[in-house]
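Okay, so here's the structure we're looking at.
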Amino acid sequence: MPILLDASFILAVDNERDIHHNKTPNAWIKIANGEYGQYFISDYIFDEISGVSLRKIGKEKTLNLCQRIIHDVPIINIDQHMFDEAWKIFTKTKLNLSFTDCTNIVLLKLINSKNIATFDKAFKEIKEINVIC
Numbered sequence: 265m266p267i268l269l270d271a272s273f274i275l276a277v278d279n280e281r282d283i284h285h286n287k288t289p290n291a292w293i294k295i296a297n298g299e300y301g302q303y304f305i306s307d308y309i310f311d312e313i314s315g316v317s318l319r320k321i322g323k324e325k326t327l328n329l330c331q332r333i334i335h336d337v338p339i340i341n342i343d344q345h346m347f348d349e350a351w352k353i354f355t356k357t358k359l360n361l362s363f364t365d366c367t368n369i370v371l372l373k374l375i376n377s378k379n380i381a382t383f384d385k386a387f388k389e390i391k392e393i394n395v396i397c
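Numbered per my numbering, the sequence shown spans residues 265 to 397.
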């Protein structure tokens, strides 16, 4: 079953100063070894990663991180149908989810997966999702 890598997870893996960094090595080893199947991100997650890392670690390190992601991680583009479904979730949920979080839920449903690597606590409140970390 594939696993979605959320921005919070990727940023924690890459940044030793991140408060969650020490929690990532074991999870990353399992993910990289295929224990959860293929890993991927969305273009919305990529946007979050580039924006947050630009503010936290600067342009040069952000470019390096983003180049590695582009080279090593499959990126799924959010199409209009996925956008519309995410908007429905965003407008109806009582959870504190960003719109990008809602696109994550849509992606997981579309690929019939429950696995997400994230430090976003809101995902732990969703019974249908298996939070790795």
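Even glycine gets a Cβ: it sits at the ideal position worked out from N, Cα and C.
Asked: Might you give, ordered along the chain, the residues of its own chain that have their beta carbon closer than 8 Å to the beta carbon of N376, omitting 5 neighbours on each side?; Found: M265
Asked: So, is T355 buried or exposed, given that buried needs 16 or more other C-beta atoms within 10 angstroms?; Found: exposed
Asked: In angstroms with no decimal places, state the Cα-to-Cα distance between Q344 and D336.; Found: 25 Å
Asked: In whole angstroms, what is the alpha-carbon distance linking G298 and P289?; Found: 14 Å
Asked: Residue range of the beta strand (DSSP E) that T290 falls in?; Found: The sequence given here has Asn at residue 290, not Thr. Counting along the chain, N290 falls outside any beta strand (DSSP E), though it belongs to the alpha helix (DSSP H) covering T288 to A296.
Asked: Following the continuous alpha helix (DSSP H) through V277, name the residue where it begins and the one where it ends.; Found: A271 to D278
Asked: In this structure, what does DSSP give as the bridge partners for S362?; Found: The partner list for S362 (beta bridge, DSSP) is empty, contrary to what the question assumes.
Asked: Grouping DSSP H, G and I as helix and E and B as strand, with all else coil, what is Y300?; Found: coil
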